[in-house]
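Protein chains in written order, with the UniProt record's numbering: chain A, 1 to 569; chain B, 1 to 208. Glycine included, each C-beta is placed from N, C-alpha and C at the ideal position. Keep in mind that this is a model prediction, so the values were computed, not measured. Scroll down for the structure; my scribbles are underneath it.
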Amino acid sequence: MKRKLAKKNFVLPLAPILLGLLVAGPVALGLLMILLPAFGYLPAIGQETLSWQSWTALFDTQGLGQSVRLSFVAGVVTPVIALVSVILFLAATAGTALDRLIRRLVSPLLAVPHAAAAFGLAFLIAPSGFLSRLISPGLTQWQRPPDLLIINDQLGLTMMLGLVIKEIPFLLLMALAALPQLDVPRRVAMARSLGYQPVLAWLFTVAPALYPMIRLPLFAVIAFASATVDVGIILGPGLPATLSVRILGWFNDPDLSMRLLAAAGALLQLMVSVLAILTWLVLEKLIAQGWQLWQASGNRSRFNRSLKMMGFTGLSVATVLLLLSVIALLINAFAGTWRFPSALPDAWTLRHWETTLTSLSGPVINTLVISFVATVLAVILVLAALESEQRHGRSRFTSLWLLYVPLLVPQVAFVFGLLVFTEFMHWQPGLVLVILGHSVFVVPYVFLTLSAAYRRFDPRWAQIGLSLGASADRVFWHIKLPMLLTSSLTAAAIGVAVSVGQFLPTQLLGAGRVPTITTEAVALASGGSRNVIAIWALMQTLIPMVGFILALAIPQLIWRRRRAMRSVT
Amino acid sequence: MTTHTLDIRDLRISLAGQTLVSVNTTINPGEVLTVMGPSGSGKSALLAAIAGFLGSDFTAQGEVWLGADRIDTLPAEQRGIGLLFQDPLLFPHMSVGGNLRFAMPAEEPDKAGRIAGQLTAMNLGGYENRDPATLSGGQKARVALLRLLLSRPRAVLLDEPFSKLDAHLRQDVRAQVFAGLIAAGLPCLLVTHDADDAAAASGPVIQL
Numbered sequence: 001m002k003r004k005l006a007k008k009n010f011v012l013p014l015a016p017i018l019l020g021l022l023v024a025g026p027v028a029l030g031l032l033m034i035l036l037p038a039f040g041y042l043p044a045i046g047q048e049t050l051s052w053q054s055w056t057a058l059f060d061t062q063g064l065g066q067s068v069r070l071s072f073v074a075g076v077v078t079p080v081i082a083l084v085s086v087i088l089f090l091a092a093t094a095g096t097a098l099d100r101l102i103r104r105l106v107s108p109l110l111a112v113p114h115a116a117a118a119f120g121l122a123f124l125i126a127p128s129g130f131l132s133r134l135i136s137p138g139l140t141q142w143q144r145p146p147d148l149l150i151i152n153d154q155l156g157l158t159m160m161l162g163l164v165i166k167e168i169p170f171l172l173l174m175a176l177a178a179l180p181q182l183d184v185p186r187r188v189a190m191a192r193s194l195g196y197q198p199v200l201a202w203l204f205t206v207a208p209a210l211y212p213m214i215r216l217p218l219f220a221v222i223a224f225a226s227a228t229v230d231v232g233i234i235l236g237p238g239l240p241a242t243l244s245v246r247i248l249g250w251f252n253d254p255d256l257s258m259r260l261l262a263a264a265g266a267l268l269q270l271m272v273s274v275l276a277i278l279t280w281l282v283l284e285k286l287i288a289q290g291w292q293l294w295q296a297s298g299n300r301s302r303f304n305r306s307l308k309m310m311g312f313t314g315l316s317v318a319t320v321l322l323l324l325s326v327i328a329l330l331i332n333a334f335a336g337t338w339r340f341p342s343a344l345p346d347a348w349t350l351r352h353w354e355t356t357l358t359s360l361s362g363p364v365i366n367t368l369v370i371s372f373v374a375t376v377l378a379v380i381l382v383l384a385a386l387e388s389e390q391r392h393g394r395s396r397f398t399s400l401w402l403l404y405v406p407l408l409v410p411q412v413a414f415v416f417g418l419l420v421f422t423e424f425m426h427w428q429p430g431l432v433l434v435i436l437g438h439s440v441f442v443v444p445y446v447f448l449t450l451s452a453a454y455r456r457f458d459p460r461w462a463q464i465g466l467s468l469g470a471s472a473d474r475v476f477w478h479i480k481l482p483m484l485l486t487s488s489l490t491a492a493a494i495g496v497a498v499s500v501g502q503f504l505p506t507q508l509l510g511a512g513r514v515p516t517i518t519t520e521a522v523a524l525a526s527g528g529s530r531n532v533i534a535i536w537a538l539m540q541t542l543i544p545m546v547g548f549i550l551a552l553a554i555p556q557l558i559w560r561r562r563r564a565m566r567s568v569t
Numbered sequence: 001m002t003t004h005t006l007d008i009r010d011l012r013i014s015l016a017g018q019t020l021v022s023v024n025t026t027i028n029p030g031e032v033l034t035v036m037g038p039s040g041s042g043k044s045a046l047l048a049a050i051a052g053f054l055g056s057d058f059t060a061q062g063e064v065w066l067g068a069d070r071i072d073t074l075p076a077e078q079r080g081i082g083l084l085f086q087d088p089l090l091f092p093h094m095s096v097g098g099n100l101r102f103a104m105p106a107e108e109p110d111k112a113g114r115i116a117g118q119l120t121a122m123n124l125g126g127y128e129n130r131d132p133a134t135l136s137g138g139q140k141a142r143v144a145l146l147r148l149l150l151s152r153p154r155a156v157l158l159d160e161p162f163s164k165l166d167a168h169l170r171q172d173v174r175a176q177v178f179a180g181l182i183a184a185g186l187p188c189l190l191v192t193h194d195a196d197d198a199a200a201a202s203g204p205v206i207q208l
């Protein structure tokens with residue numbers, strides 16, 4: 001028999017290493033490169049001696065304590081509210097029609113970028129916003145918008161609300177992905193047969209098993225909430241702003257020596273986020289103990305009804321707010337004159353679109369190019385790493401913790417360091433750096449989405465292929481890739497959504513010269529007209545939306561004559 | 001057509017130091033050896049070891065020879081071992097013809113003609129462009145058999161291949177599969193729970 005020499009693929013085993021490096025490397029490098037300037041060393045501006053000066057300057061800045069407090073509180077409070085809402089919702093609605101409805105809404109809601117949701121919320125709940133118009137003057141007697149500071153309030157309540165309505169769909173999606181592994185109906189049935197009412201049955205038997213599975217995503221939420229820049233700019237307080245927003249201000253200050261202050265601030269931000277996570281760990285311990293006491297009390301029916309009510313309302317309110325926010329964007333984008341108490345505009349117009357169209361095209365093209373290239377890069381790398389894992393065994397470089405690193409370290413803390421590094425290397429800020437910066441955040445999400453499907457894929461398909469004489473490469477291209485097309489496209493859509501929403505890496509690594517929809521929209525936050533902002537925010541929502549629609553439609557089209565491929569796997 | 005014997009020489013598969021199964025046997029061309037045993041007795045591990053898919057937590061000792069070639073050191077796709085599972089596992093993204101074409105060796109002349117002829121011989125004439133999902137259980141089983149034979153295997157392993165078929169189909173499909181494999185002069189190893197399978201295979205039986 002003719003025997004072909006086994007071709008050894010030398011590139012594939014490198015994929016997991018490359019993946020791990022791309023994800024964790026920039027974070028490590030960025031943190032390292034922020035350390036030096038934080039202690040006074042930044043040769044680019046002629047500072048070459050180590051000192052504590054930037055720290056004393058930092059602690060002397062007006063309102064620093066207040067900024068830190070805002071960031072810390074947002075980092076602890078919003079994840080608590082989001083987690084409690086999600087857990088109670090799942091406990092209260094398991095198997096109901098509302099559960100199914102929200103499940104269907106969760107992916108599209110996740111596609112709404114943070115900045116767009118924040119703008120929408122502002123248009124919704126501002127004194128002259130959609131909600132106030134709906135109830136005025138009928139309920140309120142208001143003939144003019146009341147003089148209330150709702151948006152940019154000093155306590156950051158609106159900012160936290162904006163964070164919560166975006167964190168809930170994220171945590172819900174993570175929980176929904178984990179639940180099928182827990183055999184929920186049997187756990188609940190067992191507890192109910194012991195006399196526990198349904199909600200308590202779920203809370204006692206499912207929640208403790210679910211929590212460890214959504215802990216890492218929860219930490220990512222904490223890190224994000226304590227360090228958000230775009231939501232902070234749009235909804236957060238002004239004087240003083242949150243720590244992360246102020247850091248960006250210092251960094252962009254024309255006085256370059258302020259960069260030392262910004263670097264120290266970035267390190268402080270890292271500490272605040274770490275502190276928020278540590279606080280969470282303590283809370284976690286306390287709640288676990290309380291939970292055990294509650295469980296051991298043997299109480300089978302108390303609170304069932306009130307817990308159920310809370311479960312229904314919390315998540316419904318958040319979902320409705322997010323939906324209304326998008327509607328508020330839509331109305332504002334097409335509103336002509338719109339006097340105050342009128343619920344709807346007195347006239348509709350396309351004028352805002354006509355005037356905005358010319359300035360939209362450049363940023364839209366940038367956004368499309370960046371998100372497309374970063375996502376394609378990420379999908380290729382992730383597929384290669386997963387295929388390598390199946391041929392050569394799992395690699396330490398694709399461990400879950402490592403992939404979560406860019407999501408756990410606040411962006412402000414390491415992206416500034418990366419910028420310092422690129423300046424040190426004399427790399428030109430621009431499109432290439434922005435794309436690389438985006439892939440640091442796109443890769444983890446693509447990996448988290450695609451790895452589940454890839455590892456679940458029935459190994460017998462590949463075995464049949466190999467036993468028919470096809471090489472491992474042929475099996476990959478002709479069997480695995482087509483059969484995993486739907487999962488790959490969904491992962492790509494998530495990648496695009498993540499990329500479109502990026503503000504800080506785009507702003508910094510592009511040195512402001514690579515405007516995207518998101519950077520332009522956020523820049524309009526102070527002083528832009530509502531109608532124009534609405535258009536930018538809608539465009540920001542539209543691109544990820546189209547991505548998700550394509551990810552659903554393309555397989556339907558390609559497999560229109562392959563029935564088994566069209567059912568969701 | 002050249003035929004080979006499948007020679008399993010002191011093949012011993014162990015998991016965490018414990019021997020799961022050990023087999024020493026020769027299967028002649030056109031003969032079906034049946035391996036029976038309760039679940040957990042290592043039947044699947046035996047098939048995986050011969051086909052080249054044994055998980056890394058198992059260890060296998062011994063040798064497997066096909067005619068004059070030692071195959072247990074080769075990667076799965078070069079062993080020439082065909083597989084039939086419980087499910088027909090027709091690739092759902094390919095047509096019936098696409099499935100068959102995927103299996104044929106690259107150097108095969110006139111693939112289309114051969115596919116058409118073989119489908120007709122299986123009472124599936126003109127089915128080339130059909131979506132496998134639209135076939136009946138019996139039709140799927142026949143396409144899976146045809147796909148296996150067109151890949152020109154040198155031996156075949158069957159992992160409970162009839163257990164998911166309806167009772168009324170099982171006998172027909174079983175008869176057709178064994179007839180096809182024996183006519184091709186292939187040494188076959190069948191793993192099953194079902195004593196009827198063993199009887200229909202009418203070859204030697206190993207009880208684990």
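Cβ-Cβ distance between residue i and residue j below 8 Å
| i | j | result |
| --- | --- | --- |
| A/Phe-416 | A/Ile-34 | yes |
| A/Ala-333 | A/Phe-130 | no |
| A/Leu-468 | A/Pro-26 | no |
| A/Leu-109 | A/Thr-313 | no |
| A/Leu-281 | A/Ile-214 | no |
| A/Lys-166 | A/Ala-201 | no |
| A/Ala-266 | A/Ala-175 | no |
| B/Gly-55 | B/Ala-76 | no |
| A/Arg-391 | A/Ala-452 | no |
| A/Pro-429 | A/Arg-259 | no |
Under 8 Å by beta carbon: chain B residues contacting residue i
| i | result |
| --- | --- |
| A/Leu-552 | Under the 8 Å cutoff, chain B gives no residues; its nearest Cβ is about 17 Å from A/Leu-552. |
| A/Gln-463 | Ala-51, Phe-53, Ala-76, Leu-83 |
| A/Ala-472 | Pro-75, Glu-77 |
Same chain only: Cβ atoms within 6 Å of residue i, ignoring 5 sequence neighbours per side
| i | result |
| --- | --- |
| A/Val-382 | Val-446, Phe-447, Leu-450 |
| A/Ser-136 | Trp-142, Pro-341 |
| B/Pro-88 | Lys-140, Ala-141, Ala-144 |
| A/Arg-103 | none |
| A/Gln-411 | Leu-504 |
Cross-strand partners of residue i (DSSP beta bridge)
| i | result |
| --- | --- |
| B/Gln-61 | B/Arg-12 |
| A/Trp-348 | A/Ala-335 |
| A/Glu-389 | Per DSSP, none; premise fails for A/Glu-389. |
| B/Gln-18 | B/Leu-15 |
| B/Ile-81 | B/Ala-155 |
Contacting residues, own chain, Cβ-Cβ under 8 Å from residue i (five flanking each side not counted)
| i | result |
| --- | --- |
| A/Ala-115 | Asp-230, Val-231, Ile-234, Gly-501, Phe-503, Thr-518, Ala-521, Val-522, Ala-537, Gln-540 |
| A/Ile-549 | none |
| A/Trp-52 | Phe-39, Gly-40 |
Boundaries of the beta strand (DSSP E) in which residue i is found, first to last residue
| i | result |
| --- | --- |
| B/Met-36 | 32 to 36 |
| B/Ile-206 | 205 to 207 |
| A/Val-245 | Looking at the DSSP string, A/Val-245 is not in any beta strand (DSSP E); the run it does join, the alpha helix (DSSP H), is 243 to 251. |
| B/Val-191 | 188 to 192 |
Endpoints, the alpha helix (DSSP H) within which residue i is located
| i | result |
| --- | --- |
| B/Gln-139 | 137 to 150 |
| A/Ile-17 | 14 to 38 |
| A/Arg-560 | Run containing A/Arg-560: none; DSSP gives neither H nor E here. |
| B/Lys-43 | 43 to 51 |
| A/Ser-526 | Note, A/Ser-526: premise wrong, no alpha helix (DSSP H); not H, not E. |
| B/Asn-99 | 96 to 103 |
| A/Met-160 | 157 to 178 |
| A/Glu-423 | 411 to 424 |
Residues near residue i by beta carbon distance below 7 Å, same chain, minus five either side
| i | result |
| --- | --- |
| A/Ile-435 | Ile-370, Val-373, Ala-374 |
Contacts of residue i in chain B (Cβ-Cβ under 7 Å)
| i | result |
| --- | --- |
| A/Ser-499 | The premise fails here: A/Ser-499 is roughly 29 Å from chain B at the closest Cβ pair, so nothing lies under 7 Å. |
| residue 570 of chain A | Since the first residue of chain A shown is 1 and the last is 569, residue 570 of chain A is not available in this structure. |
| residue 604 of chain A | Residue 604 of chain A is absent from the structure shown; chain A starts at 1 and stops at 569. |
Neighbour list for residue i in chain A, Cβ cutoff strictly below 8 Å
| i | result |
| --- | --- |
| B/Thr-192 | Residues of chain A passing the Cβ test: none, with the nearest at roughly 17 Å. |
Residue i: contacting residues in chain B (beta-carbon distance under 9 Å)
| i | result |
| --- | --- |
| A/Arg-561 | Ser-95, Asn-129, Asp-131 |
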